[in-house]
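Report on one structure; see the data block that follows.
In the working numbering, the protein residues as written are 7 to 273.
Next comes the structure, spelled out in structure tokens:
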């Protein structure tokens, strides 16, 4: 069953920010799925019920591996998570331009019982090591953003880790977090860690070994809740949210908050 978000007692001068890792993607479950999911004519043919029935056209099949869609389960539970927000309705949702993040945001909106603003922010795109293959985003945006799509396309795969962290810090510092309201950011695990590193850990980064376990420490659709004072100071909320709750232990999506917020030891 899906647990409702717990009510929080937050003073009016505090903004509330919830960081959510995007839902489960097809690549999370089927790492080499494109080898089986397209016939000799290049037509998409799903081979598992957890795969979306249709996907949008792309120039190259390999682009789907770089920027995969949600699984059916990922889409379903993203919507269920939105339905659970009846007691803590956000004012706005920000998502990265990556497809699974956009789809997660869209499904959250389907479940949330009232109208909520939604902004796709290109600057929240994840980290791609220098020289790595990376997607090219073509999302059409109707609102102003901190960074533009052409700029993000030009820097992905060329940034150092430090440059990536500075990009995320710059973007988040420019986002609007209304006082007394809740804002959701949907992003990749590496983006969530970069946000916490800047605004909670005072710039203290993870070791290489710690980064290797990041995606298991921040499961899909896991949530971390922060309060931000009017002076811009972030603090971990005592009402941190466990996200999806289920009778089945395998469906738990609880982040390892102590690991993310206080990386003191080499795990």
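Cβ atoms here follow ideal geometry from the backbone N, Cα and C, with glycine treated the same way.
From the options, pick the residue whose C-alpha is nearest to that of residue i; which is it?
| i | options | result |
| --- | --- | --- |
| residue 42 | 29, 80, 68 | 68 |
| residue 38 | 20, 27, 57 | 57 |
| residue 136 | 116, 161, 129, 128 | 161 |
| residue 239 | 183, 222, 226 | 183 |
| residue 103 | 155, 121, 63 | 155 |
Grab me the residues of residue i's own chain with a C-beta within less than 7 Å of its C-beta, minus the 5 sequence neighbours each way, in chain order.
| i | result |
| --- | --- |
| residue 159 | 142, 143 |
| residue 81 | 29, 109, 113 |
| residue 172 | none |
Which same chain residues end up closer than 8 Å to residue i when comparing Cβ atoms and leaving out the 5 residues on each side of it in sequence?
| i | result |
| --- | --- |
| residue 220 | 195, 196, 199, 212 |
| residue 50 | 43, 44, 60, 61 |
| residue 117 | 84, 85, 86, 87, 88, 89, 90, 91 |
| residue 185 | 18, 19, 20, 21, 236 |
Enumerate in chain order the residues of its own chain whose CB-to-CB distance from residue i is below 6 Å, with the five nearest sequence positions on each side excluded.
| i | result |
| --- | --- |
| residue 191 | 25, 100 |
| residue 70 | 40 |
| residue 163 | 134, 138, 140 |
Quick one, are the C-beta atoms of residue i and residue j less than 7 Å apart?
| i | j | result |
| --- | --- | --- |
| residue 73 | residue 115 | no |
| residue 230 | residue 261 | yes |
| residue 292 | residue 32 | With the chain running from 7 to 273 in the structure shown, residue 292 is simply not present. |
| residue 21 | residue 177 | no |
| residue 129 | residue 153 | yes |
| residue 188 | residue 96 | yes |
| residue 168 | residue 151 | no |
| residue 125 | residue 149 | yes |
| residue 222 | residue 175 | no |
When the Cα atoms are used, what is the spatial distance from residue i to residue j?
| i | j | result |
| --- | --- | --- |
| residue 119 | residue 46 | 43 Å |
| residue 36 | residue 53 | 10 Å |
| residue 79 | residue 206 | 32 Å |
| residue 93 | residue 75 | 29 Å |
| residue 64 | residue 157 | 21 Å |
| request: Write down every uninterrupted run of the beta strand (DSSP E) in the segment 62-95 whose length is 3 residues or greater and which is fully enclosed by it, in chain order. | output: none
| Mind pulling the alpha helix (DSSP H) runs of 4 or more residues that sit fully within the segment 141-210? | 155-161, 167-180, 195-205
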